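Chains as they are written, first to last, in my numbering: chain H, -16 to 344; chain P, 99 to 646. Each remark here refers to the structure printed beneath this line.
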Amino acid sequence: MAAWVKGGAADVDAAVEAAVDLLAAARVPVLAGLSADVSALRAAYRLAETLGASLDPVSGPSVYAELGALSAGGVMTTTRAETIGRADVVLVLGNRPWDGDLIGEIAAAAPSRGRAAGAERALLSLGGPQNGAIRHVAYAAEAGGLAVSLGHLRAFAKGHLAGEAAYADLAKRLFAARYGVVVYDPEEVGELGVEMLQGLIRDLNETTRFFALTLADPFQGRAAVQLSAWTTGQAPRVGFGRHQPEHDPWRFDSARQIAAGEADAALWLASLPAPRPAWLGSLPTIAIVGEGSTEAAGETADIVITVGVPGEGVGGALWNERRGVIAYTEPKGPSKTAEALTASGVLARIRDRLIEKGVSC
Amino acid sequence: MLTRIHGGRVVDPTAGRDAIGDVWIEDGRVVAPSERAPDRTIDATGCVVMAGGVEVHSHIAGGNVVMSRLLLPDLYVSESAPNGHPFAHAGGSGSWIGANYARMGYTTAVEPALPPSNALATHLELADIPLLDRGGLAVMGNDDHLLQLLRDGEGRQAVRDLVQQTLAHSRGLGVKCINAGGASAFKDGVLKLSLDDEIPCYGLSTRKIMSALLDAVEEIGVPHPLHVHCNNLGLPGADDSLVATLEAAEGRRIHFAHAQFYAYGVVDPENPMTGGFRSAAERINAAMEEHPNATYDVGQVVFGQTVTISLDILRQFGGRKGAKPKKWVLTAGDAEGGGVVPFLYRPRGPVSSLQWAIGLELMLLSSNPERTILTTDHPNGGVFTEYPRIIHLLMDTEERAKEIATLPAIVGERSGLPKIEREYTFSEIAQLTRSGPAKLLGLTDRGHLREGAKADVAIYRDERDRTAMFSRAKLVLKDGQPIVEDGEVVAWFSGKTLSLDVEADAGMEKRAESYLQDRFGAGLDTFAVPDAAFPENTGTFEDVACRA
């Protein structure tokens, strides 16, 4: 595997040793990115605890739009397979759900299970692209955006607003569902919108069954949330600076910490693709990145260690968007190099060496 | 290394032992008394020596447990832990769970709801619970594939093969059914379901589904009987559901989960849903006497804030408006899904006081504590760390009377608890928490201290304050090694996940693959729990053999 220290090619042992020295010298290190398989996430949590560091997944904005509403008011959700198998009414919110293959699959099939089996499926959209490629009934979003539109839709559904408005018609269609599903991306809808939408779903469930199908972020955020919850009892972002896990989305926002000068070292974990953070290069940094990625180069950070990409060169437990669960993904083929390191292995080695050296936070 | 635990009061009801004596250990097993000089002698003078505790029903892992932490992040408190295990002081975490069970002298715990559709994440979470051997029960009874087979009358062999394939792929220790057909019915608009009500679209009933699973479990030879969560949990008249389900088992082995939540007799037959409930503990225990094929765990309620976690989405939907605080998560999943609903058992509230009394009454009226297993259905009735207090109440009439005196009169009016004078003995506590659950799970190597047993041993100081005694074991050995001393964890042993040694039938595997591809656009590999997913825990799993 390739590794670089200060831009120069190095063997992995030397890179690990340099990483240990960098972290041992830091007072407020942050572990960011966390776009990796479950065993690497697990190793990152253990390393952060040893260091007294904080952890911040790149999936933060998506995770928080969902978690904020969840802990405030709860959610009612369903799965992709239940949507395709059972739903007679599907409302697609915003633009993002139209990007992948999900809506096409929903549109291509009619309900085949449950009480709506054999019925036609009504595909509705609110605030979508209206590109006409997939047949559906489109409702425009209001000028205030999706959250305001959802507020008005809920008001019509509850009878707090009346009239011949389009949203009154949409509300009627939702109540007519036997198994209704609303598909959305939490990041696009935003925390306020998600909260309003979940309120609408609760209202609909007074008379019928209606659930949300939310899109996951593409950076393993949902796996990170689960691992974090069973490891620390809390969702990310989490910090260990005071010898106990503390959940604080604002305080442990790595971009904020770095911009404010609070953090003095960073470890960027992206064995799977993740957007390159703007702060890379602005403080002493270790990058653990997937082999073959554009970040797998000496100039990415002070220390760069390439590792096998989970699901490509090495196996790994990953968030499976289609199934909505963590599933093990076998490697597709041999690693590009003879012996692929795993991110979890590298992180564990760094931690072991820190413990050997008696470093404590 | 030969170890002698010397001079303690050894309590092992399976061997009729309750006397001062020794326990000998070598190579992680209990051995016969030896002529050789021991390498280590543990002085247990003034102590009670029991096998390690065994938990049969505690929600310690899985998607809904994760969700409960996200819904109620403030339920547990994290404490500073400068030394030792990094996460054992992180309130509600897997490490916290392992540490707190171990401190009480428990060495095995089973998660009763392992959803086959989400098996890998549940097992990854279980594997991160230190100090204990763990296991999970694969949940069936609402999945479309099973219901299709039953609807189409495919016969016992097909059902058996599907159950076996599910067990093999999810690496379960046993099989559980939760309000069989209820989640499916809920998705089709049903809000109340009893044993013989029709499950829409399938023409089945809970009775038919459960009966098929009872047969399959017997034919496969699963050591643990079918673990059943009945219809109508928590409703007045739920005792009818439990007794009807017991009779529907028709002599086949069956285990009832959290019986306390079903021991609610109707007070006013004219207004069954609004007239309240009274204890049906006597009725439930009388029914158990008549059906030696059955066991139950209690699901004792303790006062205070908790969060209810159940795959019984129909029940959780019904209970959502009783949430405190007023928020909940309901998931219409690929089979069961589930619900997470916060709940406050109001201290000294009339309803929660009656529930509290009924659980104790069930245990105190039981003629055989081995068939009456102590659980709180953690966290549904309350947190498992309350076990020592519950044991105290069972063992001490005076302590019980003191507590009852603080509660509303309804406890005496609608339950028989205040009149019961029975005090549990140490042997009965060992039956309730050791030999009973181990026998129930079919784990012959634990729950006792006979020769050949795993050297999972709990040593408690014999204190009058039983709460203190059972909260902090003096010494706990796991596989012969000390893991707890004076109530504190001293070694971070990693236990095994116990899973049944079964192989999927090749024909059913092929059929399941085709079914799953059609329904999910993904195959069995996305349901699998391969060893490779546990890179840091090689040897995570330990096989448990089927019955001969």
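Each residue gets a CB set at the ideal place from its N, CA and C atoms; glycine is no exception. Quick caveat, the model's predicted, so the values are computed rather than measured.
Under 9 angstroms between C-beta atoms, does residue i make it to chain P?
i	result
H:G299	yes
H:Q217	yes
H:W233	no
H:M(-16)	no
H:M179	no
H:R225	yes
H:H230	yes
H:Y167	no
H:R29	yes
H:R220	no
H:E32	yes
H:Q203	no
H:A212	yes
H:R10	no
Let me confirm a value: residue i is counted as buried when at least 16 other C-beta atoms fall within 10 Å, else exposed. Which label applies?
i	result
P:T143	exposed
P:S132	exposed
P:V175	exposed
H:P293	buried
P:N329	buried
H:W251	buried
H:T215	buried
P:S569	buried
H:I338	exposed
H:T277	exposed
P:D241	buried
P:G416	buried
P:M386	buried
P:H327	buried
P:W454	buried
What whole-angstrom Cβ distance do residue i and residue j have, given they're in contact under 8 angstroms?
i	j	result
H:A140	H:D186	6 angstroms
P:V405	P:Q358	About 18 angstroms separates the two Cβ atoms, so there is no contact after all.
P:M567	P:D560	7 angstroms
H:A206	H:V21	5 angstroms
P:L312	P:G279	Their Cβ separation, rounded to whole angstroms, is 14 angstroms, which puts P:L312 and P:G279 out of contact at 8 angstroms.
H:Q181	H:V58	5 angstroms
How about residue i: is its C-beta nearer than 9 angstroms to some C-beta of chain H?
i	result
P:C299	yes
P:E177	yes
P:A620	yes
P:K425	yes
Which residues mark the beginning and the end of the alpha helix (DSSP H) in which residue i is found?
i	result
P:C139	The question names Cys, but residue 139 of chain P in the sequence shown is Thr. Here P:T139 belongs to no alpha helix (DSSP H); instead the beta strand (DSSP E) covers 138 to 141.
P:Y300	It is not in any alpha helix (DSSP H) - P:Y300 carries neither H nor E in the DSSP assignment.
H:A149	149 to 158
H:T66	63 to 69
Determine the direct distance from the alpha carbon of residue j to that of residue i, and round the result to whole angstroms.
i	j	result
P:A499	P:G510	11 angstroms
H:I271	H:A7	17 angstroms
P:L626	P:G192	Checking the sequence shown, residue 626 of chain P turns out to be Ala, not Leu. Cα to Cα, the separation comes out at about 22 angstroms.
P:R617	P:S282	16 angstroms
P:G251	P:T429	30 angstroms
P:T595	P:A631	14 angstroms
P:P214	P:V237	7 angstroms
H:I288	P:M165	34 angstroms
P:E611	P:P633	26 angstroms
P:Q255	P:E497	53 angstroms
P:F185	P:E296	47 angstroms
H:D82	P:N162	29 angstroms
H:T66	P:Q263	25 angstroms
P:H183	H:G296	33 angstroms
P:R645	P:G272	12 angstroms
P:G253	P:E348	19 angstroms
P:P448	P:T504	11 angstroms
Output the boundary residues of the beta strand (DSSP E) element that contains residue i.
i	result
P:Q255	Element bounds for P:Q255: not the beta strand (DSSP E) but the alpha helix (DSSP H), 254 to 268.
P:E124	115 to 124
H:V287	286 to 290
P:P440	436 to 443
P:V555	555 to 559
H:W251	248 to 253
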